[in-house]
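K.L.:
Residue numbers (UniProt numbering): 1 to 1249.
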């Protein structure tokens, strides 16, 4: 204890290479003021878990990284007798014990996305195919689950228990060597060009052929092959990864090498934790000094002229230890890469590697002193002839590695392979004489080892590709460390020891013991019995179905956990046999657990499985079976989905209902919860009023804030995304796939962050609704420490500057754009002609002003409607991402937002709409784009193939509840959630007295309040629209707050405005976050922002679309059951829709459920996570284009304005074309009575053609 007080530094926060303390944190000089209580707590913890003797002496502690199949941050503690490694694994990879884990498993979801399998499905049957089918994959802390889609998460197709996994690796290893280069493109030197320019063509004809062959060989032998258009295309078309388990191997298809690395890295981290940590989520490793045979210090990075003045203790080094395995350790199976036999095959060595970012030299010097002291003590204890025998006798008793406080049988398991190479994580090479300056060894200090064959000499770690310290710094990443509360750290170290992990051998023995009870199981009754079986005793109840045999209960519960890959904390309550109604009835077994209802098929060839969290169950009730002799049970799931179970016995059905309701009562026992509205009976009218977020008109404004747990989860995902970005950068620089695990220490927190602030430029055009999400994203990026510039129209400058961001001007008038869209409604021949004739000059101005606005940007994020971003990023050589609010990327799940059909037409049609729009859109602007590329950007002309628009990282700022990610979305397409801009307008808004009186009177009269507003659209007859609204409000008997922002500038005949009745209050513009929580429903045009605002408040929604993506969102609110989409707006249709949304209880309930999900989605933070994750992929995509341009310049010279673009890609629709007559396909009203109102004249559209 005294040596701990003297020598332990509990807060190792020192600045060094890649390491920096957080601003405002105390430095090492202030650490002496810490109390000794923390040091003693650490001493007590180390003594307990490592079994340190009382007379041992502590020399010091050091920050170090353990190098196995992962790079694990931890601490080395050096004592007189041992080297101790201790690391706290991150809790984000653990199954939490908090009560909230019963409600949401997102705290244990590590990664989700699409993966391909050569497995097809027909109904509930799975079969092997030669084609690759796409599925939705969810990686949790202990399982990898495969689903049909992102919305069908109760019925997994495959569940892989990660505890049975051995390793994950990239199957296409050759691909990993292609995309290595990350340096900026440059003109290739002679002999280092790409395949488009052979060395022979550049050399003189008189050169010797042997020299040419040597030069070609040198090119092919280069480790770093520059990124080119061809090889990036090859790497981005998809990579297979392999997951090897104890029973079976799985192969999954990933969309890109970057995606494959992420899946493999995350799976490898989880496998490492599950195999190498104790129940306290700690990794422990003990190396007795007596067992050390050889150790060596070597420099990790090569030196250059810039690194000559770096202090020795700040130079990163690696330490390798070769230690002798005792007789006990030899009985264990070891990887061939971690041990080596001597010539007699009598002993083996284990090699352990650590990495030090700093203080490695100090540790080495201290270790030398400890080794020398140990040698002297051995010599003093006995004669030299006896010391060796005593040493080995003692070495057999002390386990070299410890993974739990009391068990010596567990140890760090080498998984044996890395992600992209079957060799070790870092190569181990024999040191030559040239390396002697970079490594130091301790052979003289180890001469007490009797046999020279007991050590492996010249062990040294090398990166696959040489990397210098200055090269490491150029990655512009750092490890930022901040101190934690020492009082909390002290309590963490004082925690009692946790229960040990069960060793694999112990599990096998327990399986054998349980296996003896199989005969007893047969005595309980027939396996196909229809009677239920209970496995948990009911307090105070004489349970006839309780299984009395304890061995049978344990065996069945173990099978339950194995069938569904559940952890051992999940307990089984009851089992039943029933039919689950799917496309066809599936017979199987129902398992009721303490937190889940599970089902598995017992039919041959049918692999149906269901894992339904009880937290998702709303209710269950009895129902008649489909057959007269059967009894049915309906389980109601969140979102009003219903599952139907059919039992052959009424007794079993009734018991299942009772047990499910009992478990729901236990689950929600600590809550204050009310029945659902449909259970209110005759009082439902009164209770529905209470479903508003705010019942009082003058209540304090609602603040949409996230819970601390949701914010913590979002921050953790951003931290993981930064780790991925560092892994991608390090892979490009050093050629090394290295999964990094940062320690979750009680003493301090380490985060990987960019060491510099990025300059983000956000480029967008359009209306206020197009700019607002980018302001929200910009505020989030500024919190991350980056600089943000928004390039858009002049009218939004003051708004942007008010939020602390820079503004750059982009040409264009959003009012003219909106007028054109409203006039035509959708993609049509008339739209293309008028756009081409009116906006040709504006497009040229837009391109030029956008190029000027993006100067100085490090990263460009663009709304694809702005058209210029992909070309600007290519010219500047910066990463480029897209963000939009409507379907824009190819998919079979949704049609393009501008070509939405009146009814669903299938996946092939949907996919065709995207291809059609891309082709027509590019056809219309390609001529101007290519002229601009050549003249202003200095780039060659391009085409749709070279643009690679389908490979660009894309963010949809829409809720995944409204817009679930499709299984055919590539991995770089993400649905982040809405980017809400909460400006505090509600708090600053002072409502007029007339509005307050209007709303209070409506509440007193018991009338519903409905908001109606269509924004600032331009219509052909504003008065007709107003009259239709007045009639509908009066007919539905509601009160209306009207935001009459529309105008009839397109109408030739102006008439007197319509007088509004007392039931309608003309409010003008009101902040949505003030109004929406106080009303009952909303009618609007269906813009993405307005739709998101209404759904976040739980408002049933009516959408009358006028143009663009509004048609898409009208169809979506109907599909998910939270509103009504109006094809035609007249008094009768609007009245029917209003009546429906204020009286349909299930629709209202579903709206509230959707609101709960949207409130928990932090779209901005998810977008920042996506940016970090996809940044290096986006950078490589741009590099491939730049490499193509370099090759083009070598062949054709630098493009100039003299060159003309490809004539074949000139505008198809020009103002000189002869106009053709268009038919008006405007539909007449399909409703009874009333005149139909349409906002557009020309509707010669693709969806009607």
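We put the beta carbon where it would ideally sit given N, CA and C, even for glycine.
Give every residue of the same chain whose Cβ lies closer than 6 Å to the Cβ of residue 953, excluding the five residues on either side of it in the sequence, and list them in chain order.
P.N.:
Excluding residues within five positions, the ones whose Cβ falls inside 6 Å are 881, 972, 1174, 1178.
K.L.:
Could you tell me which residues DSSP puts in a beta bridge with residue 882?
P.N.:
DSSP lists 862, 954 as partners of residue 882.
K.L.:
When the Cα atoms are used, what is the spatial distance from residue 15 to residue 788?
P.N.:
So the alpha carbons of these two residues sit roughly 29 Å apart.
K.L.:
Closer than 7 Å by C-beta to residue 1155: which residues in its own chain qualify, once you throw out the five before and the five after it? Chain order, please.
P.N.:
Only 1095, 1096, 1097, 1098 meet the Cβ criterion.
K.L.:
Three or more beta-carbon pairs under 8 Å between the segment 1145-1160 and the segment 1127-1136, yes or no?
P.N.:
The segment 1145-1160 vs the segment 1127-1136: no contact.
K.L.:
Would you mind giving the Cβ-Cβ distance between residue 46 and residue 84, rounded to the nearest angstrom? I have them listed as a contact below 8 Å.
P.N.:
Correct: roughly 6 Å between the Cβ atoms.
K.L.:
Can you look up residue 656 in the DSSP assignment and give me helix, strand or coil?
P.N.:
Three-state DSSP puts residue 656 in a helix.
K.L.:
Ignoring anything shorter than 3 residues, give me the beta strand (DSSP E) runs that lie fully in the segment 1093-1161, in order along the chain.
P.N.:
As far as the segment 1093-1161 is concerned, its whole beta strand (DSSP E) runs of at least 3 residues are 1101-1103, 1123-1125.
K.L.:
Whole angstroms are fine: how far does the CA of residue 568 sit from the CA of residue 53?
P.N.:
Those two C-alpha atoms are separated by around 35 Å.
K.L.:
Alpha carbon to alpha carbon, how far is residue 1194 from residue 467? Give it in angstroms, no decimals.
P.N.:
So the alpha carbons of these two residues sit roughly 30 Å apart.
K.L.:
Would DSSP call residue 613 helix, strand or coil?
P.N.:
Three-state DSSP puts residue 613 in a strand.
K.L.:
CB residue 608 to CB residue 586, shorter than 8 Å?
P.N.:
In this structure, residue 586 lies closer than 8 Å to residue 608 by Cβ.
K.L.:
Once you ignore the five residues that flank residue 267 on each side, which residues in its own chain have a CB closer than 6 Å to its CB?
P.N.:
Excluding residues within five positions, the ones whose Cβ falls inside 6 Å are 168.
K.L.:
Residue range of the beta strand (DSSP E) that residue 942 falls in?
P.N.:
Unbroken run through residue 942: none, as it is neither H nor E.
K.L.:
Just verifying my parser: in three-state terms, what is the DSSP assignment at residue 181?
P.N.:
The pLDDT assigned to residue 181 is 38, lower than 50, so where the model puts this residue is not dependable; a value taken from the coordinates is nonetheless given after this. Residue 181 falls in the coil class under three-state DSSP.
K.L.:
Span of the beta strand (DSSP E) holding residue 928?
P.N.:
Looking at the DSSP string, residue 928 is not in any beta strand (DSSP E); the run it does join, the alpha helix (DSSP H), is 907-932.
K.L.:
Can we say the segment 310-322 touches the segment 350-362, given the rule of at least three CB pairs closer than 8 Å?
P.N.:
Judged by Cβ distances under 8 Å, the segment 310-322 makes contact with the segment 350-362, as three or more pairs qualify.
K.L.:
Run through DSSP, which three-state label would residue 474 get?
P.N.:
Residue state, collapsed to three classes: coil.
K.L.:
From 935, 978, 13, 108, pick the residue whose C-alpha is nearest to that of residue 1301; which is it?
P.N.:
Coverage of the chain is limited to positions 1 through 1249, which leaves residue 1301 absent and any answer about it impossible.
K.L.:
For residue 909, which residues of its own chain have a beta-carbon under 8 Å away from its beta-carbon, when the five flanking residues on both sides are left out?
P.N.:
Counting only Cβ-Cβ distances below 8 Å, and skipping sequence neighbours, we find 895, 901.
K.L.:
So, are the CB atoms of residue 763 and residue 948 less than 8 Å apart?
P.N.:
Not closer than 8 Å, so no.
K.L.:
Could you have a look at residue 21 and say whether DSSP puts it in helix, strand or coil?
P.N.:
Three-state DSSP puts residue 21 in a strand.
K.L.:
Please determine, among 1118, 580, 619, the residue with the shortest C-alpha to C-alpha distance to residue 603.
P.N.:
Residue 580 is the option with its Cα nearest to residue 603.
K.L.:
Does DSSP put residue 642 in a helix, a strand or coil?
P.N.:
Residue 642: strand per DSSP, three-state reduction.
K.L.:
Which ranges does the beta strand (DSSP E) cover as unbroken runs of at least 3 residues, wholly within the segment 286-323, from first to last along the chain?
P.N.:
Within the segment 286-323, the complete beta strand (DSSP E) runs of at least 3 residues are 292-299.
K.L.:
Locate the alpha helix (DSSP H) running through residue 1029, then write down its first and last residues.
P.N.:
Counting along the chain, the alpha helix (DSSP H) containing residue 1029 begins and ends at 1022-1036.
K.L.:
Per DSSP, which one or two residues make a beta bridge with residue 254?
P.N.:
Paired residues: 239.
K.L.:
Roughly how many angstroms lie between the CA atoms of residue 243 and residue 736, to the nearest whole one?
P.N.:
Distance between the alpha carbons of residue 243 and residue 736: 20 Å.
K.L.:
Could you check if residue 945 is buried or exposed, using at least 16 other CB atoms within 10 Å of its CB as the buried criterion?
P.N.:
The residue is exposed, with fewer than 16 neighbouring Cβ atoms inside 10 Å.
K.L.:
Please work out which residues of its chain come closer than 8 Å, Cβ to Cβ, to residue 312, disregarding the five sequence neighbours upstream and downstream, and give them in chain order.
P.N.:
361.
K.L.:
Rounded to whole angstroms, what is the Cα-Cα separation between residue 130 and residue 49?
P.N.:
Each residue's alpha carbon lies about 52 Å from the other.
K.L.:
Using beta-carbon positions only, say whether residue 297 and residue 82 come within less than 8 Å of one another.
P.N.:
In this structure, residue 82 does not lie closer than 8 Å to residue 297 by Cβ.
K.L.:
Residues bridged to residue 585 by DSSP?
P.N.:
BP columns for residue 585 point to 581.
K.L.:
Let's see if you can read the secondary structure: which residues bound the beta strand (DSSP E) around residue 898?
P.N.:
First-last for residue 898: undefined, no H or E at that position.
K.L.:
Which residue comes first and which comes last in the alpha helix (DSSP H) that contains residue 1185?
P.N.:
Counting along the chain, the alpha helix (DSSP H) containing residue 1185 begins and ends at 1163-1196.
K.L.:
What residue from 1130, 754, 797 has the CA that sits closest to residue 775's CA?
P.N.:
Nearest C-alpha to residue 775: 797.
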